[in-house]
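Below is one structure, written out as structure tokens, with a few remarks after it.
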Amino acid sequence: MTRPHEVVERTLAAAAHLVGCAVIVRETSQAVLRWANSTMTTNGHSTAGSVTVVALVGVHGGTAAGVAASSVAITAPEQLTDLVQAAEAAARGAGPARDAMPLPEPTDTDPDWADPAGVTSIAVFGELVDGLAEVLAGPQRQYGYAAHSVVTTWLGTSAGVRRRWVQPSGYVELNAKTPDLAGSAWVGVSTADFRDVDVVELAAGAARRLAWGARRVELPAGRHETLLPPSAVADLMLYLAWSMDGRPAQEGRSALAGPDGPRTGERLSALPLTLTCDPTAPGLEYPPFLSTSWSGDGLSVFDNGAPNRRVDWVREGVVHELGYSRAEAAEFGTAFTPPGENLLLTGGSTASTADLVANTERGLLLTCLWYVRTVDPATLLLTGLTRDGVYLVEGGEVVAEVAHNFRFNYSPLDVLRRTTEVGATERTLPREMDGFTRAAMPPMRVPEFNMSSVSLGR
Amino acid sequence: MTTEPSDLDRVDPQFRALPLAELADAALGRARELGAEHADLRVERIAGQSISLRDGEVTHLADSLTLGLAVRVLVDGVWGFASHLELTSDRAAAVAEQAVAVARALAPVARERVERAGEPVHRNAVHVSDYAIDPLTVPAREKVELLTERSRRLLAEDGIDHVHAGVGAVRENKYYADLAGTTTTQQRVRIAPSLTVTAVDRAAGGFETLNSLAPPTGRGWEYLTGEGWDFTGELAELPELLAEKTKAPSVQAGRYDLVIDPTNLWLTIHESIGHATEYDRAIGYEAAYAGTSFATPDQLGTLRYGSPLMHVTGDRTQQHGLATTGYDDDGVATSRWDLVRDGVLVGYQLDRTFAPRLGLSRSNGCAFADSPHHIPLQRMANVSLQPAPDGDPSTADLISGVDRGIYVVGDKSWSIDMQRYNFQFTGQRFYRIEDGRLAGQLRDVAYQATTTDFWASMDAVGGPSTWRLPGAMNCGKAQPGQIAAVSHGCPSARFRGVTVLNTAEEGR
Numbered sequence: 011m012t013r014p015h016e017v018v019e020r021t022l023a024a025a026a027h028l029v030g031c032a033v034i035v036r037e038t039s040q041a042v043l044r045w046a047n048s049t050m051t052t053n054g055h056s057t058a059g060s061v062t063v064v065a066l067v068g069v070h071g072g073t074a075a076g077v078a079a080s081s082v083a084i085t086a087p088e089q090l091t092d093l094v095q096a097a098e099a100a101a102r103g104a105g106p107a108r109d110a111m112p113l114p115e116p117t118d119t120d121p122d123w124a125d126p127a128g129v130t131s132i133a134v135f136g137e138l139v140d141g142l143a144e145v146l147a148g149p150q151r152q153y154g155y156a157a158h159s160v161v162t163t164w165l166g167t168s169a170g171v172r173r174r175w176v177q178p179s180g181y182v183e184l185n186a187k188t189p190d191l192a193g194s195a196w197v198g199v200s201t202a203d204f205r206d207v208d209v210v211e212l213a214a215g216a217a218r219r220l221a222w223g224a225r226r227v228e229l230p231a232g233r234h235e236t237l238l239p240p241s242a243v244a245d246l247m248l249y250l251a252w253s254m255d256g257r258p259a260q261e262g263r264s265a266l267a268g269p270d271g272p273r274t275g276e277r278l279s280a281l282p283l284t285l286t287c288d289p290t291a292p293g294l295e296y297p298p299f300l301s302t303s304w305s306g307d308g309l310s311v312f313d314n315g316a317p318n319r320r321v322d323w324v325r326e327g328v329v330h331e332l333g334y335s336r337a338e339a340a341e342f343g344t345a346f347t348p349p350g351e352n353l354l355l356t357g358g359s360t361a362s363t364a365d366l367v368a369n370t371e372r373g374l375l376l377t378c379l380w381y382v383r384t385v386d387p388a389t390l391l392l393t394g395l396t397r398d399g400v401y402l403v404e405g406g407e408v409v410a411e412v413a414h415n416f417r418f419n420y421s422p423l424d425v426l427r428r429t430t431e432v433g434a435t436e437r438t439l440p441r442e443m444d445g446f447t448r449a450a451m452p453p454m455r456v457p458e459f460n461m462s463s464v465s466l467g468r
Numbered sequence: 007m008t009t010e011p012s013d014l015d016r017v018d019p020q021f022r023a024l025p026l027a028e029l030a031d032a033a034l035g036r037a038r039e040l041g042a043e044h045a046d047l048r049v050e051r052i053a054g055q056s057i058s059l060r061d062g063e064v065t066h067l068a069d070s071l072t073l074g075l076a077v078r079v080l081v082d083g084v085w086g087f088a089s090h091l092e093l094t095s096d097r098a099a100a101v102a103e104q105a106v107a108v109a110r111a112l113a114p115v116a117r118e119r120v121e122r123a124g125e126p127v128h129r130n131a132v133h134v135s136d137y138a139i140d141p142l143t144v145p146a147r148e149k150v151e152l153l154t155e156r157s158r159r160l161l162a163e164d165g166i167d168h169v170h171a172g173v174g175a176v177r178e179n180k181y182y183a184d185l186a187g188t189t190t191t192q193q194r195v196r197i198a199p200s201l202t203v204t205a206v207d208r209a210a211g212g213f214e215t216l217n218s219l220a221p222p223t224g225r226g227w228e229y230l231t232g233e234g235w236d237f238t239g240e241l242a243e244l245p246e247l248l249a250e251k252t253k254a255p256s257v258q259a260g261r262y263d264l265v266i267d268p269t270n271l272w273l274t275i276h277e278s279i280g281h282a283t284e285y286d287r288a289i290g291y292e293a294a295y296a297g298t299s300f301a302t303p304d305q306l307g308t309l310r311y312g313s314p315l316m317h318v319t320g321d322r323t324q325q326h327g328l329a330t331t332g333y334d335d336d337g338v339a340t341s342r343w344d345l346v347r348d349g350v351l352v353g354y355q356l357d358r359t360f361a362p363r364l365g366l367s368r369s370n371g372c373a374f375a376d377s378p379h380h381i382p383l384q385r386m387a388n389v390s391l392q393p394a395p396d397g398d399p400s401t402a403d404l405i406s407g408v409d410r411g412i413y414v415v416g417d418k419s420w421s422i423d424m425q426r427y428n429f430q431f432t433g434q435r436f437y438r439i440e441d442g443r444l445a446g447q448l449r450d451v452a453y454q455a456t457t458t459d460f461w462a463s464m465d466a467v468g469g470p471s472t473w474r475l476p477g478a479m480n481c482g483k484a485q486p487g488q489i490a491a492v493s494h495g496c497p498s499a500r501f502r503g504v505t506v507l508n509t510a511e512e513g514r
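Residue numbers (the numbering used here), protein chains in the order written: chain A, 11 to 468; chain B, 7 to 514.
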């Protein structure tokens, strides 16, 4: 098989007659373990790859863009020529693009450009499997999943960009249930290589939460003071971050749109909270360059190769930036603001979740959220469920587990507007956004979180 | 529709040209040598196209192609799986070795041994889905022109500020071979149009949208040009419907009788019946992720799921169904069966691993993997609510039996808990029902219920003339995540005393 960087060069050569071209080669190596009812279920290793060609073609009225992506082994040069032709045909079918821009000029080079792809194997779980054998033999019913992937990306453009990035990602989550299935607890962590994962300790954490279920109480739906742990905050803030596209706000079709235009500059919180994507965040790094096969709100294939940067969607409590492709930035007279692949909320105190519990007279401590969906995009009202443990806090201690879950209806904008206490930011694993492994969030206190109804689901 | 072997000619020639038999020989032979008691090889070629327009201009047009092979083995009752994108005999054998190695590596922590239901051998079986025009053979320019014309027609109307339009299409080729001797070659085509119109109220600082109700379907390009959906008629109505929606009064929260159109009810069926009757969920295999089910196997034959009018089938043979196929990814010939009969749970969706656990000698054919790089799972059949067996009550007939209620049309927001009890749905349009007649649109409506209470409250179902086959292209399940396309046939139906929320009040 042709080496990936050579695939890029050969494809660009085949596209030399076009106005421009971007080529993205990705190779993915992934190993997974899954278990349920305390036994292994579906496990495996996969090797996949893709070549994506973005063809920029001169057409009547401007420049058109078309994309052709192939997840096929490359064994002959003709395949690359065919791919370029498919992308060119797509561009001619599409017609002139509103987001047409000259491709970005190179700003950096990667010395490992010609290196082969990173790989993983089932062996990455060696220590985890040893620990798992002990956990699965324990008294609780165990369910869970561990995944490790290494994705290597090569990006080359006709403007001279040559970039390479190796992205390792991993996570493990454990769902422990009491033998009668009446109690359920969840813990999850993300990791780059599993060397920092102690599955026995994770299981012990789940067991401690199950022990809180020794006393169970029923509570009515309604507005409850609620402690959102970092995982739950992450799931809510991801919806907010994904709603920060600038064009919809400019056009009045977004929760970030106001009567006079985008709500940038509007204060959401009296607390100095900052919601950020940052490609250099320690332990949560993502590619320093943009590679995409998609054009839409806030994103453009014409931006392939542009540098990623830290973006503060909310800075010290104020809506600060919205997402704009370079073409949109020019159209609306603002700065190019690329999307990010991690999310951090900072600006709280040094308090842990346990500290927030200790400062609570009466409230609910959640574990995580599930099946979160947008109800009203105009207000970013979300609905969803609590999952795998809602605990009653009284007098600064967890005193019981609530015997059921709740359906909530609440907006992440209101989480920021109404929170009264925010703790220390820590790396966390969102439960709902499966596979989003690069998040750092604090625990938050929301005085009147709307638990709309009781859910019998456990 | 299962076709005669001569119809192999309809299968994409590029797929037929692959060395399928050689790959099977290499992979299955190596797996047998290494001691696998079962092995299967899948070779998949999935071609797709997506087109998106904003306000009559193309924002995105992309073609995609995925090709690869997967080997799944059972070694001493433990699953192993591996895949690769290279299609050579050497690679197929190496992938088989890798799959066996995975099974052996995990054997020490596998506390159960897998046993599978039997299945007759299907040699050289062929299935091609029921479509007229392969959408991937239609020039992109022709598709863009159609979507552009429709977008511009709508943009020219008063009160429509933005139009988003698009279409996605897939042609899926799958070859399956196993050690027992089954070999199947299949081709399925599906298409998903989308269209949203938006009205912006700058002065009030809000906006409202309305979606086309045209569902994705197992048809070809002919669907976009009028076979199976009246796009011309729907587009003509959208401006007025959106204008009425923007001015509609906000609903008063409370309990209402609901008449639910199939364009909305399909999603409620999907979430509260489709997923709840997946056997793997019911016994905990999805507990850590997608969740479990309140409808546990110990209640089979006794669980009162809903009213006696409730007859729900699982079906992988429904014409134009998105989950329709000839043979599943266990090599099982597909079928139709009852899930809920006379309101009682009577069946599950199964694969060959789970059928024996339910005491059944044969699977009902629900194994599916969405790519060559994923393991087959028990995935959803076309789960459908049957219409009234006698007569043909119309939607208007159902509405006429409501004094104070709401008629719900089109799907929008959806959410249900991990045991499939508590759900909340919104929709595209809501109409007040007063004294058996529609009395204008309402806004800010969501209905919320517990599954068994909701289905128990169903006191009427529409007849065959109200039956439609909506669905979704992207039902998600499992880790690593897989998507599947699935349809849900249903008539209009009436439900008594359902809780309705005012979403504006919920957000305060």
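For each residue, glycine too, the CB sits at the ideal point set by N, CA and C. None of the values given here were measured: they were computed from a predicted structure.
(1) Pick helix, strand or coil for T363/A, following the three-state DSSP scheme.
(2) For chain A, is any of its Cβ atoms less than 8 Å away from the one on N428/B?
(3) Note down the Cα distance separating H326/B from L315/B, rounded to an integer number of angstroms.
(4) When you compare each of T202/B, L383/B, T274/B and S421/B to F87/B by their alpha carbons, which one comes out closest?
(5) In the DSSP assignment, the alpha helix (DSSP H) including D96/B goes from what residue to what residue?
(6) From the DSSP output, which residues share a beta bridge with A175/B?
(7) Please report the residue range of the beta strand (DSSP E) in which P457/A lies.
(8) With a CB to CB cut of under 8 Å and the five nearest residues on each side skipped, what residues in its chain are close to T65/B?
(9) Hey, does Q485/B have any beta-carbon neighbour from chain A nearer than 8 Å?
(10) Could you round the C-beta distance between G256/A and V108/B to whole angstroms and report it? I think they count as a contact, below 8 Å.
(11) With distances taken from CA atoms, which of R173/A, P121/A and S241/A is nearest S200/A?
(12) Comparing the C-beta of D255/A with each C-beta of chain B, is any distance below 8 Å?
(13) Select from the stretch 129 to 153 of chain A all residues with a C-beta closer than 7 Å to any C-beta belonging to chain B, and list them in chain order.
(14) Please classify S498/B: is it buried, with 16 or more other beta-carbons within 10 angstroms of its beta-carbon, or exposed?
(15) Step through the CB atoms of chain A and report whether any lies within less than 8 Å of the CB of E121/B.
(16) Give me, in chain order, the residues of the same chain whose beta-carbon lies closer than 6 Å to that of L153/B; leave out the 5 immediate sequence neighbours on both sides.
(17) Out of curiosity, what's the CA-to-CA distance linking P149/A and R36/B?
(18) Along the beta strand (DSSP E) that carries E235/A, what are the first and last residues, could you check?
(19) Is the CB of Y249/A under 8 Å away from at least one CB in chain B?
(20) Got a sec: does the ligand MG put a non-hydrogen atom nearer than 7 Å to the Cβ of L392/A?
(21) At a cut of 8 Å, does the stretch 390 to 408 of chain B reach the stretch 193 to 202 of chain B through at least three beta carbon pairs?
(22) Does the beta carbon of F87/B sit closer than 8 Å to a beta carbon anywhere in chain A?
(23) To the nearest angstrom, report how far apart R261/B and D450/B are at their CA atoms.
(24) For A466/B, which residues of its own chain have a beta-carbon under 6 Å away from its beta-carbon, when the five flanking residues on both sides are left out?
(25) Apart from the five residues just before and just after A450/A, which ones in its own chain have a Cβ nearer than 6 Å to its Cβ?
(26) Under the rule that 16 or more other beta-carbon atoms within 10 Å means buried, what is S303/A, buried or exposed?
(27) How is the alpha helix (DSSP H) around Y296/A delimited, first residue to last?
(28) Ignoring anything shorter than 3 residues, give me the beta strand (DSSP E) runs that lie fully in the stretch 325 to 366 of chain A, in order along the chain.
(29) Grab the span of the alpha helix (DSSP H) containing P422/A for me, first residue to last.
(30) Taking the C-alpha atoms as reference points, what is the distance between L328/B and I52/B?
(31) Any C-beta of chain A sitting closer than 8 Å to the C-beta of W227/B?
(32) Quick one: does T393/A have its CB under 8 Å from some CB of chain B?
(33) What number of angstroms, rounded off, separates the C-alpha of R151/A from the C-alpha of R225/A?
(34) With distances taken from CA atoms, which of A100/A, G262/A and D208/A is nearest E137/A?
(35) Here's the rule I'm using: 16 or more other beta-carbon atoms within 10 Å means buried, otherwise exposed. How should D206/A be labelled?
(36) Measuring straight from C-alpha to C-alpha, what distance separates S421/A and A75/A?
Let me lay it out:
(1) Residue numbering aside, residue 363/A sits at position 353 when the first sequence is read from its first letter. Correct three-state label for T363/A: helix.
(2) Locating residue 428/B in the second sequence gives position 422, where the first residue counts as 1. Judged by the 8 Å Cβ criterion, N428/B is in contact with chain A.
(3) Position 320 of the second sequence, counted from the start, is the residue given in the question as residue 326/B. Position 309 of the second sequence, counted from the start, is the residue given in the question as residue 315/B. Straight-line Cα distance between these residues: approximately 25 Å.
(4) Translated into positions along the second sequence, residue 87/B becomes position 81. Among T202/B, L383/B, T274/B and S421/B, the Cα nearest to that of F87/B belongs to L383/B.
(5) Here the question's residue 96/B lines up with position 90 in the second sequence. That run of the alpha helix (DSSP H) goes S95 to L112.
(6) Residue mapping note: residue 175/B aligns to position 169 of the second sequence, counting from 1. Bridge partners of A175/B: Q55/B and I197/B.
(7) Translated into the one-based positions of the first sequence, residue 457/A becomes position 447. Residues M454 to S465.
(8) Numbered from 1 along the second sequence, position 59 holds the residue referred to as residue 65/B. Here the set comprises S58 and L59.
(9) Counted from its first residue, the second sequence places residue 485/B at position 479. It does; some Cβ of chain A falls within 8 Å.
(10) What you label residue 256/A is simply residue 246 of the first sequence in a count that begins at 1. What you label residue 108/B is simply residue 102 of the second sequence in a count that begins at 1. With a Cβ gap of about 46 Å, G256/A and V108/B do not count as contacting.
(11) As a first step, residue 200/A must be located in the first sequence, where it is residue number 190. The shortest C-alpha separation from S200/A is found at S241/A.
(12) As a position in the first sequence, residue 255/A is number 245, starting the count at 1. For D255/A, the answer is no, since every Cβ of chain B falls outside 8 Å of its Cβ.
(13) I132, V139, L142, A143, L146 and Y153
(14) Counting from one through the second sequence, the residue named residue 498/B turns up at place 492. Buried, by the Cβ-count rule.
(15) Locating residue 121/B in the second sequence gives position 115, where the first residue counts as 1. No, no contact with chain A.
(16) Your numbering for residue 153/B matches position 147 in the second sequence. Around L153/B: L59 and A171.
(17) Against the first sequence, residue 149/A aligns to sequence position 139. Against the second sequence, residue 36/B aligns to sequence position 30. Approximately 39 Å between the Cα atoms of the pair.
(18) Start at 1 with the first residue of the first sequence, and residue 235/A comes out as number 225. E235/A -> beta strand (DSSP E) spans G232 to L238.
(19) By 1-based counting over the first sequence, the position of residue 249/A is 239. Taking Cβ atoms only, chain B never reaches closer than 8 Å to Y249/A, which makes this a no.
(20) The model depicted lacks the ligand MG and carries no ligand whatsoever.
(21) no
(22) Indexing the second sequence from 1 puts residue 87/B at position 81. Output row for F87/B: interface = yes.
(23) Position 255 of the second sequence, counting from 1, holds the residue named residue 261/B. Position 444 of the second sequence, counting from 1, holds the residue named residue 450/B. The straight-line gap from Cα to Cα measures roughly 15 Å.
(24) Taking the second sequence and counting its residues from 1, one reaches residue 466/B at position 460. Correct list, in chain order: L404 and R500.
(25) Within the first sequence, numbered from 1, the residue matching residue 450/A stands at position 440. Only L354, T435 and R437 meet the Cβ criterion.
(26) The sequence position of residue 303/A within the first sequence is 293, counting from 1. So S303/A counts as buried.
(27) Against the first sequence, residue 296/A aligns to sequence position 286. Counting along the chain, Y296/A falls outside any alpha helix (DSSP H), and DSSP gives it neither H nor E.
(28) 353 to 356
(29) Residue numbering aside, residue 422/A sits at position 412 when the first sequence is read from its first letter. Here the alpha helix (DSSP H) through P422/A covers P422 to R428.
(30) As a working mapping, residue 328/B is identified with position 322 in the second sequence. As a working mapping, residue 52/B is identified with position 46 in the second sequence. For L328/B and I52/B, the distance between alpha carbons rounds to 15 Å.
(31) By one-based count along the second sequence, residue 227/B stands at place 221. Judged by the 8 Å Cβ criterion, W227/B is not in contact with chain A.
(32) In the first sequence, counting from the first residue as 1, residue 393/A sits at position 383. Interface residue, yes.
(33) Your numbering for residue 151/A matches position 141 in the first sequence. Your numbering for residue 225/A matches position 215 in the first sequence. Between R151/A and R225/A, the C-alpha separation is close to 20 Å.
(34) Position 127 of the first sequence, counted from the first residue, corresponds to residue 137/A. For the residues A100/A, G262/A and D208/A, the minimum Cα distance to E137/A belongs to D208/A.
(35) Residue mapping note: residue 206/A aligns to position 196 of the first sequence, counting from 1. Exposed, because fewer than 16 other Cβ atoms sit within 10 Å of the Cβ of D206/A.
(36) For this step, residue 421/A is matched to residue 411 along the first sequence. For this step, residue 75/A is matched to residue 65 along the first sequence. Those two C-alpha atoms are separated by around 36 Å.
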